[in-house]
Amino acid sequence: MFNDDLTRLRHMRDAAQKAVRFAQNKTRDALETDEMLTLSLVKCIEIIGEAASRVTRERQLEWIQIPWAQIVGMRNRLIHAYFQIDLDIVWNTVTQALPSLILDLESIIQNEEQK
1 MFNDDLTRLR HMRDAAQKAV RFAQNKTRDA LETDEMLTLS LVKCIEIIGE
51 AASRVTRERQ LEWIQIPWAQ IVGMRNRLIH AYFQIDLDIV WNTVTQALPS
101 LILDLESIIQ NEEQK
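Residue numbers (this note's numbering): 1 to 115.
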């Protein structure tokens, strides 16, 4: 069970790192014209949310620094209301929220690997 949680954390970290890398040297305006950028960022956020939804509740409660409900909620919004995606929220998530999420995930992963 917990081994799967660690795998999910790695999936979250990897997708977050990809999203940040994809957005590097881009501007918010690029989301209006670069369909591949938009789709790649949305997909990465979806992966983060899907992986987060599969982390056991017990571990979610242990790792309270991760905003589990918001991450899963954003995934659900992107999946189910794909026709109403707010690109400002996508951009802010990638450029403002994901860098700190990556740091938190890396810290948790490192601690778990040392156990």
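Backbone N, C-alpha and C fix where the C-beta goes; we use that ideal spot for every residue, glycine too.
Next item on the list: Determine contact between the region 32-40 and the region 4-15, defined as no fewer than three beta-carbon pairs at a distance below 8 Å.
Entry: Three or more beta-carbon pairs separated by less than 8 Å are not found between the region 32-40 and the region 4-15, which leaves the two stretches without contact.
Next item on the list: Could you tell me whether the Cβ atoms of Trp-91 and Arg-21 are closer together than 8 Å?
Entry: No, the Cβ-Cβ distance between Trp-91 and Arg-21 is not below 8 Å.
Check: Can you give the Cα-Cα distance for Glu-113 and Thr-33, rounded to whole angstroms?
Finding: 41 Å
Note to self: Tell me the DSSP secondary structure of Ala-69 in three-state form.
What the structure shows: helix
Note to self: Which same chain residues end up closer than 6 Å to Val-94 when comparing Cβ atoms and leaving out the 5 residues on each side of it in sequence?
What the structure shows: Hits under 6 Å: Ala-19, Ala-23, Leu-41.
Note to self: Beta-carbon within less than 8 Å of Leu-31's beta-carbon, same chain only, minus the 5 sequence neighbours each way: which residues are those?
What the structure shows: Leu-37, Thr-38, Leu-41, Leu-87, Val-90, Trp-91
Checklist line | Minimum C-alpha distance to Glu-106 - residue among Phe-83, Ile-66, Asn-25 | finding: Looking only at Phe-83, Ile-66, Asn-25, the smallest Cα-Cα distance to Glu-106 is reached by Ile-66.
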